[in-house]
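Reviewing the structure listed below.
Residue numbers (this note's numbering), protein chains in the order written: chain A, 422 to 730; chain B, -19 to 487; chain C, 13 to 383.
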């Protein structure tokens, strides 16, 4: 039981960055933009969270900085994909490369070395709601919860509400399916897409902060190690729906937790590499329509040109 | 009568094209005003300017006597202008209500942040009852008929309080019966004080639906007339700019042996429902057999099956006795079939390729175009130069990309390529869609020429006039079935119209 | 005649104008970053280029870095010409590399010449198999190749790590100590170093793999523009519907283009293993050649000959960054420059290919099948 709770807690922690980024992915793709730059925006978030916390000694300011960094980075995607109608996958690739390089560059500039930063004195690695730990049996579960874990679930609820219960959400979904239809009823397609790309940058930035500030209190090069792409997978696996994306993230987080704790659990008859592959393989299977059908919003990947003949 | 819209000296320039050239247009309160013109004459552009989708290069617009600067559709909507586009602007996975309220949502809760679908549904129901536009507010768009979708589009404008309605080619996708219903709806709207602009290129609709008509040609207004003071022939001449011979000269036909034999063909459409049901007919050498029908009744699927682009699930078809049902499209091309596709940009040409590379499309694997997998570009260019001269395709040379040509010349080039294969059977699917009258006449002449040479021609067309002008025999398709076959010489339009709508003709 | 030559020159200028501008602007922005570190950009760029072109040995190293980029650039371009975005070159490269090591063990007793050919074929096969998956899924089920390929990149990484740790580990095959890399390739299966022919290359490990890359680029150019196969691939890339109408199989060409693209990527892995590393290591992340390949192809305008030039540029940059680093300037400046080049190219496509891109997306047949 104790082991199981530890496993669950670890799964929740590992799922947290995935949930944030996957939600960001849901917003961009629902508005019709492919976002393979989640990874890059996460790196930016992870780095700036530490950088700003280092100087201010206020981790929540670090979180805000991470969100801001994510938004700034996402605007590169927004401008090139929306206004300049560049190839969205190409821009995404460039942003990922840019984020890796610029963070490593700044790391060297500020800390005068490469590899990783110093640990910040104050981080967000502990449970903010101590009273929850007194609940019998499951109380232990909360012991390892960071503020980010709670925030992630709040973000899921808010995202669901915005997308399905508000006029803005209706407009976002319309823009992703049929931008011209939205345009003809006076909806500003570009503005909606900018908002969504911005939200994805904010979420991915938050995701990065949860990785750095929420786990090891420092930034290390390559620390996202493809999590942005797993988040992309979670978004697809969750069929472009906030709750689905959350469930997929939890499943992927669980796989990772299992892989990390395989030996303590007596699980090592499955090679850890196979557990690592699982999220990716599962996504391919779902995409291929072997289990259910995953259909992307119709206009995803297509630049919308206003007033074109 | 009060003028609700006045467009003065409107000019719109797209890169390289003047779409509207100092156009003047007026709409009076309570009238149905038709904007008549050929494809590409600039009708839709003009209306898109009025609706704020494009901005005019110069000129002024007055709505209800006030100068209006319509930068985007929001302003048009506020001014009481609504537009139903030719291609419906509906979000398929959304419900009817969601589509209607999109962009003008009702909301509730603190700061009005929450969608209020109940109020919206109620309001939609009210309006639909008021104007007699029956729809199910909770049905999804992807599940309802085209006629119903059009009603949703009209409701969308009324929901926003439109007083001025623009309908762009509203009849293109409707059956004759649905067109009649639409006519009634429009009368009702006008009766309630709305003013309507109807864009069309179909002369008959002008006469049946309009109060006044403005004829547009090559971006210029030619004339504005009252319906009572004109007739179809005059309108045709104004629209095209010269006397039009709507009849095609052709000799009596002498049909020979059966070339194409279609037997019991069934096939699915892209959505997975049955598009063709037990289709059987034959086309003989030396005749033009036309398939008439309203768009979306299986014509596209039929042509795709016959050309190998879609697999049939039942039935057979043969050319000169050779069964082709299981053949690939390449094999079908090789057994003597030419195909003028319904959409030249989608099927007919690779627009980015040079004309030369387009000229060998379909033959590129045959000698002398290529040998052992290596292309012979010298021959490919020479072959293309011959096509260009023989069929009078207007182009600087064969090296330019296909997209550099005008629509009419692109279509002539396709006809050239297909007929130059020396086929036994020609399948021409809407061969004159969206081209100028000159090209139409040229293509009609070429098709008749092929027939007179003893070739079999299968013509699929949505234009009843084209069918009547060319066909020796006519098969009417409705809901994936051939509902009747009549002789071209004795066919009358009314009878065809009833069959096209799925009705029975008692003889 | 003279007129025609002028046209030819004009075409070349039109094609290189934008990439050159993108490169220039990126270097200027890179200079700002260098200045920020307190160093002179001129000094930094001097270090960069002298570090990669300063002498024969350094030039050799640049060619060595160029080699895989030619392969991956050409691989990307071939798929791109068929309307496919092969972001899976990373994974195909990884599979090519691991297949090469496997073949090296299986055929370890064969003589050099035959073994080398077999190794290259094995790498090609590994990449081709890996690319076949997104290809066939796109062709038959309409699944978007980008997502599948991304997923397969990581699958390949972990699969390779597993094989390195177990099947091909020296501890398993030779009974020696457990290592974080595979067994070594047999001596006779390694590619000839150019320094053996031209001693001036000295310490550089540049090998005949470079020539294999150049020949591959030329062959692909011929295939794309002079054969019916290339004609069909390009036709499907521009307009799948019209191709189908002209008797060209969309599914066959999509699968084939992806497989050929993957084969070239796999060859990159094979040449790197047989010419440089002689083994495969455990890895925490992507090798990066695939992503660079995208940049190389885009700068090279997806033309095999253009790619030769842009691969050389990227190879020079990659090689020079070390010397720049030694001069105290963060080597990441090079990554920043590369990223900005790609951003510019992405935005530039607008000017030239806007109509194409729009049509490609709106007419993407397989996407519609998915609906």
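For each residue, glycine too, the CB sits at the ideal point set by N, CA and C.
Small disclaimer: the values here were computed from a predicted structure and weren't measured.
**Report entry** Beta-carbon neighbours of residue 598 of chain A, restricted to chain E and to distances below 9 Å
**Finding:** Protein chains A, B and C are contained in the structure displayed, whereas chain E is not.
Query raised in the report: From what residue to what residue does the beta strand (DSSP E) around residue 326 of chain C run?
Result: Careful: residue 326 of chain C lies outside any beta strand (DSSP E), inside the alpha helix (DSSP H) at 316 to 338.
**Report entry** Coarse secondary structure for residue 48 of chain B, derived from DSSP in three states
**Finding:** Judged by DSSP in its simplified three-state form, residue 48 of chain B adopts strand.
Query raised in the report: How long is the line joining the alpha carbons of residue 158 of chain B and residue 302 of chain B, rounded to whole angstroms?
Result: Roughly 41 Å separates the two Cα atoms.
Requested in this report: Can you say whether residue 579 of chain A is buried or exposed, counting buried as having 16 or more other CB atoms within 10 angstroms of its CB?
Outcome: So residue 579 of chain A ends up on the exposed side.
Query raised in the report: Should residue 730 of chain A be flagged as near chain B, meaning a C-beta pair shorter than 9 Å?
Result: Confidence at residue 730 of chain A is low in this model, with a pLDDT of 36, below 50, so the placement of that residue should be treated as unreliable; the coordinate-derived value is given next. With a threshold of 9 Å between beta carbons, residue 730 of chain A makes contact with chain B.
Query - Entirely enclosed beta strand (DSSP E) segments - the stretch 247 to 334 of chain B, minimum 3 residues - result: Correct list: 254 to 264, 268 to 272, 294 to 299 and 317 to 320.
Requested in this report: Flag this pair as yes or no: are the beta carbons of residue 452 of chain B and residue 431 of chain B separated by less than 9 Å?
Outcome: Going by C-beta atoms, residue 452 of chain B is nearer than 9 Å to residue 431 of chain B.
Requested in this report: Locate the beta strand (DSSP E) running through residue 250 of chain C, then write down its first and last residues.
Outcome: Taken as a continuous stretch (DSSP letters only), residue 250 of chain C belongs to no beta strand (DSSP E), being part of the alpha helix (DSSP H) at 240 to 250.
Query raised in the report: Between residue 317 of chain C and residue 66 of chain B, what straight-line distance do the alpha-carbon atoms span, to the nearest angstrom?
Result: Rounded to whole angstroms, the gap between the alpha carbons of residue 317 of chain C and residue 66 of chain B is 46 Å.
Query raised in the report: Can residue 97 of chain C and residue 157 of chain C be called in contact, C-beta distance under 9 Å?
Result: For residue 97 of chain C and residue 157 of chain C, yes; Cβs fall inside 9 Å.
Query raised in the report: Taking the Cβ atom as the reference point for each residue, do residue 228 of chain C and residue 276 of chain C lie within a distance shorter than 9 Å?
Result: Taking 9 Å as the cut-off, the beta carbon of residue 228 of chain C is found closer than this to the beta carbon of residue 276 of chain C.
**Report entry** In DSSP terms, what residue 537 of chain A is bridged to
**Finding:** In the DSSP output, where bridge partners are listed per residue, residue 537 of chain A has A:641.
Query - Nearest-angstrom Cβ-Cβ length linking residue 342 of chain B and residue 259 of chain C, presumed shorter than 8 Å - result: Confirmed, Cβ separation roughly 5 Å.
Query raised in the report: For the stretch 571 to 590 of chain A, which residues have a beta carbon sitting closer than 7 Å to at least one beta carbon of chain B?
Result: Against chain B - using a Cβ distance shorter than 7 Å - the residues of the stretch 571 to 590 of chain A are 586, 587 and 588.
Requested in this report: Under 7 Å Cβ to Cβ from residue 213 of chain C, same chain only, skipping five residues before and after it: list those, please.
Outcome: Hits under 7 Å: 68, 69, 72, 206 and 207.
Query raised in the report: At least one CB of chain A closer than 9 Å to the CB of residue 245 of chain B: is that the case?
Result: No, its Cβ sits nowhere closer than 9 Å to a Cβ of chain A.
Query raised in the report: Apart from the five residues just before and just after residue 624 of chain A, which ones in its own chain have a Cβ nearer than 6 Å to its Cβ?
Result: Around residue 624 of chain A: 441, 444 and 445.
Query raised in the report: Can you list the alpha helix (DSSP H) stretches of 4 or more residues lying completely in the stretch 76 to 113 of chain B, in chain order?
Result: Runs of the alpha helix (DSSP H) inside the stretch 76 to 113 of chain B: 76 to 81 and 97 to 110.
**Report entry** Own chain partners of residue 704 of chain A with C-beta closer than 7 Å, once the 5 adjacent residues on each side are dropped
**Finding:** Sequence-distant partners of residue 704 of chain A (beyond 5 residues in either direction) whose C-beta falls short of 7 Å from its own C-beta, in its chain, are 654, 657 and 658.
Query raised in the report: What is the DSSP secondary structure of residue 463 of chain B, reduced to helix, strand or coil?
Result: Three-state result, residue 463 of chain B: strand.
Query raised in the report: Would you call residue 46 of chain B buried or exposed, if buried means 16 or more other Cβ atoms sit within 10 Å of its Cβ?
Result: Under this definition residue 46 of chain B is an exposed residue.
Query raised in the report: If we cut at 9 Å on Cβ distances, does residue 303 of chain C have a partner in chain A?
Result: So yes, residue 303 of chain C belongs to the interface.
Requested in this report: Using a Cβ cut-off of 7 Å, pull out every chain A residue sitting near residue 331 of chain C, in sequence order please.
Outcome: Within 7 Å Cβ-Cβ: nothing; residue 331 of chain C doesn't reach chain A, min ~17 Å.
Report task. Have a look at residue 269 of chain B and residue 125 of chain B and give me their C-alpha separation to the nearest angstrom. Result -> Computed Cα separation, rounded: 29 Å.
Report task. Show which residues of chain C have a CB atom less than 9 Å away from the CB atom of residue 329 of chain B. Result -> Here the neighbours are 251 and 254.
Query - Collapsed DSSP secondary structure at residue 151 of chain C in the structure displayed - result: Residue 151 of chain C: helix per DSSP, three-state reduction.
Query raised in the report: Can the beta-carbon of residue 516 of chain A be found closer than 9 Å to that of residue 507 of chain A?
Result: Residue 516 of chain A places its beta carbon 9 Å or farther from that of residue 507 of chain A.
Query raised in the report: Is the stretch 277 to 294 of chain B touching the stretch 246 to 265 of chain B, taking contact as three or more C-beta pairs under 8 Å?
Result: Yes, the stretch 277 to 294 of chain B is in contact with the stretch 246 to 265 of chain B.
Query raised in the report: In chain A, which residues lie less than 7 Å from residue 155 of chain C when you measure between Cβ atoms?
Result: 708 and 709, listed in chain order.
Query raised in the report: Is the CB of residue 241 of chain B under 9 Å away from at least one CB in chain A?
Result: Not closer than 9 Å to any Cβ of chain A, the Cβ of residue 241 of chain B fails to qualify, so no.
**Report entry** Span separating the alpha-carbon of residue 84 of chain C from that of residue 644 of chain A
**Finding:** Between residue 84 of chain C and residue 644 of chain A, the alpha-carbon positions lie close to 26 Å from each other.
Query raised in the report: What residues of chain C sit near residue 674 of chain A, judged by a beta carbon separation below 8 Å?
Result: Result: empty, since nearest Cβ-Cβ is about 16 Å, beyond 8 Å.
Query raised in the report: Is it true that the CB of residue 145 of chain C sits closer than 9 Å to the CB of residue 133 of chain C?
Result: No, Cβ-Cβ distance for residue 133 of chain C and residue 145 of chain C is not below 9 Å.
Query raised in the report: Is the distance from the Cβ of residue 153 of chain C to the Cβ of residue 626 of chain A below 9 Å?
Result: No.
Report task. Identify the continuous alpha helix (DSSP H) that holds residue 59 of chain C and give its terminal residues. Result -> DSSP places residue 59 of chain C in the uninterrupted alpha helix (DSSP H) bounded by 53 to 65.
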